[in-house]
Amino acid sequence: MTESNDTPIQTEEGDERQHRRIKSFVMRAGRMTEGQQKGLEQGTPLFVLPLADAPVDFDQVFGRSAPRSLEIGFGMGHSLLEMAAASPEQDFIGVEVHRPGVGALLNGVLTQGLTNLRVYDCDAIEVLNRCVADNSLDRLMLFFPDPWHKSRHHKRRIVQASFAELVRSKLKVGGILHMATDWEPYAEYMLEVMNVAPGYRNLAEDGKCVPRPAERPITKFERRGERLGHGVWDLKFEKQS
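In terms of UniProt numbering, the sequence shown is residues 1 to 241.
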């Protein structure tokens, strides 16, 4: 699940206060396992990046220039860890606020000895706005964000016109915004948003969704859903300008 499932929920009172930005995620408490705690204690100094006030030189952070992907809301980190391990020639940046998830990912990074992955444990929009230089990402991934099913909560969905524009500013020309959801109405909603977002091209042949890309690992959650007959919809949009 993505960050949109993992950070402080707005109260109705908070929604009415115009000076408070609506959050697209919910913070859910969770107990730490021994491995997660170890990951946080040993991995944080090595792999967690602070929220900066100016764009970060990721070439310096990783010690090289390489294709770079950022995932918003990596949940427990299984997919991101698998992608990073499978593509050592690429660099990966994960953003997640759920502490057990951050700990689990860091424990995996330490266990597997990976060097091509870094983490932010704060709000993804802040990371994009403050830490990521324009025209610098090859790919941005948003897998299984909270769809906020109720109509009155649609304003909390992370996929909005402003989000599409922010992501476009951070992608290189030819860079990819890859989204996935297991709720068809949300896939339709994301298509509506992205089809009118300037500067993008839908990579689906039918103008809708693409077949599940091989580079996106199948999660246990997704396999369970498939056994129950649930679908998953992948959307890929390429930055044109």
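Built from N, CA and C at the ideal position, the CB exists for glycine as well.
Residue range of the unbroken alpha helix (DSSP H) whose run includes residue i
i: K220; result: K220 to R227
i: F144; result: F144 -> no alpha helix (DSSP H), and no H or E assigned at all.
Enclosing beta strand (DSSP E) for residue i [first to last residue]
i: residue 244; result: For residue 244 there is no data in the structure shown, the boundaries of the chain being 1 and 241.
i: L234; result: Note on residue identity: the sequence assigns Asp, not Leu, to residue 234. Start and end: W233 to K239.
i: G63; result: Where G63 is concerned, there is no enclosing beta strand (DSSP E), given that its DSSP letter is neither H nor E.
i: R118; result: L117 to Y120
Same chain only: Cβ atoms within 6 Å of residue i, ignoring 5 sequence neighbours per side
i: L117; result: A84, F92 and V109
i: N135; result: K172
Residue burial classification, residue i (beta-carbon count within 10 angstroms, cutoff 16)
i: D123; result: buried
i: D53; result: exposed
i: V61; result: exposed
i: G39; result: buried
i: L137; result: buried
i: G174; result: exposed
i: P88; result: exposed
i: A86; result: exposed
Chain-order list of residues whose beta-carbon lies under 8 Å from that of residue i (same chain, five-residue window excluded)
i: E82; result: P217
i: Q37; result: G103
Cβ neighbours of residue i in the same chain (closer than 7 Å, five flanking residues each side left out)
i: W148; result: H154, R156 and R157
i: H19; result: Reliability of the predicted coordinates at H19 is poor, the pLDDT of 42 falling under 50, and the value obtained from them is presented with this limitation in mind. There are no such residues.
i: Q42; result: L110
DSSP bridge partner residues for residue i (one or two, in chain order)
i: I72; result: V95 and L142
i: V127; result: Paired residues: none, contrary to the question.
Practice item. Count the C-beta pairs between the segment 219-227 and the segment 195-210 that are closer than 8 Å, then say yes if the count reaches three, no if not. Key: Touching, no, given that fewer than three Cβ pairs across the two stretches are closer than 8 Å.
Check your understanding: At a cut of 8 Å, does the segment 170-185 reach the segment 141-154 through at least three beta carbon pairs?
Key -> Segments in contact, yes.
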